[in-house]
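Trainee: Sequential numbering from 5 applies to the sequence shown in our numbering.
A virtual CB, placed ideally from N, CA and C, is assigned to each residue, including glycine.
The model shown is predicted, which means the values in this text are computed figures rather than measured ones.
The following block contains the structure, expressed as structure tokens.
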Amino acid sequence: MHSVNAKTVLEAIHQVEQIFIKSDIYCGHGTDNTWDEAVFLVLGACNYPLTSGGEVAEIEIDLLQRERIEAWVKRRTVDREPLPYISGKAWFGGLEFLCDRRALVPRSPLAEIIQQRFEPWHTGPVESVLDLCCGGGSLGLLTAIGIEEAHVALADIDGDALALAYENALLLGLSERIELIKSDVLTGVPQQRFDVVLCNPPYVDGEDMSVLPPEYRHEPGIALASGADGLDFTRALLVQLPAFLHDHATVFLELGNSWAHFDALFQDYPLTWLEFAQGGWGVCALSKHDIEELARIAAQRGIISAHE
Ligand SMILES: C[S@@+](CC[C@H](N)C(=O)[O-])C[C@H]1O[C@@H](n2cnc3c(N)ncnc32)[C@H](O)[C@@H]1O
5 MHSVNAKTVL
15 EAIHQVEQIF
25 IKSDIYCGHG
35 TDNTWDEAVF
45 LVLGACNYPL
55 TSGGEVAEIE
65 IDLLQRERIE
75 AWVKRRTVDR
85 EPLPYISGKA
95 WFGGLEFLCD
105 RRALVPRSPL
115 AEIIQQRFEP
125 WHTGPVESVL
135 DLCCGGGSLG
145 LLTAIGIEEA
155 HVALADIDGD
165 ALALAYENAL
175 LLGLSERIEL
185 IKSDVLTGVP
195 QQRFDVVLCN
205 PPYVDGEDMS
215 VLPPEYRHEP
225 GIALASGADG
235 LDFTRALLVQ
245 LPAFLHDHAT
255 VFLELGNSWA
265 HFDALFQDYP
275 LTWLEFAQGG
285 WGVCALSKHD
295 IEELARIAAQ
305 RGIISAHE
């Protein structure tokens, strides 16, 4: 079922795509279709850069490459592992990251906002940035690469994820320019004020968690689930965040499908939901004033306690 008898790279890609089409894999970890998934699998298994183009199409594959393609196809279609966990690499925001089960596979639409230097939503200074819930570090490291004057702090509750973020920082030559912090929400972050906060927290609600495709079960549960409405982390964040923001700060908060729960909680309050040219949804841009107002409204309505 997983045998690949192709002679060239291009033939292998076509064969692997056919196997993918006949299986019921879910593409949601860096690709959204079986062709791209097959291209990344074959290039990765043959040890060609993921940016390779037509120049590798007619290269013959050798026995070792063929065996690796077959083994990876089995892991992808039978074990339903996300491809970046199999290859150990994720392509995100134009950069290659190390990727394994210690952290979520990077896929946040926030990459697009970072590449725009946070404009037009944030036009003030970008000297201090916090990537809260950094996982393997993709968002904070992308920021440090793109915005040289930025000091970037990356925080996460999970020491394994932080270890991966450190390895990615080393790989990208950024280990001297960033700070890694172990923190439950903001409780471990030394008191300071940030210009920009990026937050891609766990936000999957109970209903979505119960129907997740098998690929997502390979990712750390702590990176996905956040209570019945997906907002447990976010409620705690609203209370803690104002003390860490400059007056001109902008917070980019990603809530995925749970954006609708958040919008419903604060239905009278005008929230700015961003649109993305490269796909994605559920991200809002918030000022410090917005965060303070949301925390006040939430406390008033008993949605959160002042100490949460
Ligand atoms: C959606 S993932 C973020 C992935 C990251 N943006 C990336 O590209 O790798 C959410 C992250 O939040 C972290 N997390 C969960 N609960 C937390 C908490 N209470 N405080 C801080 N981080 C938390 C998880 O460990 C996980 O790494």
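Report the residue ranges of all alpha helix (DSSP H) runs contained in full by the segment 94-171; include only those spanning at least 4 residues, in chain order.
Mentor: 114-119 and 142-150
Trainee: Since leucine 278 and isoleucine 307 should fall inside the 8 Å C-beta cutoff, what is the C-beta to C-beta distance between them, to a whole number of angstroms?
Mentor: The Cβ separation is near 23 Å, so there is no contact.
Trainee: Would you give the residue range spanned by the beta strand (DSSP E) that histidine 252 belongs to?
Mentor: 249-258
Trainee: Please tell me whether arginine 106 and glycine 140 are closer than 9 Å, where the distance is taken between their beta carbons.
Mentor: yes
Trainee: Return the residue from the list Leu241, Gly192, Lys26 and Glu297 that minimises the CA-CA distance to valine 375.
Mentor: Residue 375 is absent from the structure shown; the chain starts at 5 and stops at 312.
Trainee: Flag this pair as touching only if the segment 197-208 and the segment 110-125 have three or more C-beta atom pairs under 8 Å; answer yes or no.
Mentor: They touch, by the three-pair rule.
Trainee: Provide the residue(s) that pair with lysine 186 in DSSP beta bridges, ordered along the chain.
Mentor: Asp160
Trainee: Answer yes or no: the CB of leucine 134 versus the heavy atoms of ligand 1, is any distance below 8 Å?
Mentor: no
Trainee: For cysteine 138, which of Ala154, Tyr170 and Phe198 has the nearest alpha-carbon?
Mentor: Tyr170
Trainee: Over what stretch of residues does the beta strand (DSSP E) that includes alanine 289 continue unbroken?
Mentor: 287-291
Trainee: Is asparagine 204 near ligand 1, in the sense that its beta carbon is under 8 Å from a heavy atom of that ligand?
Mentor: yes
Trainee: Given valine 193, which residues of its chain have a CB within under 6 Å of its CB, disregarding the five upstream and five downstream residues?
Mentor: Ala159, Ile185 and Ser187
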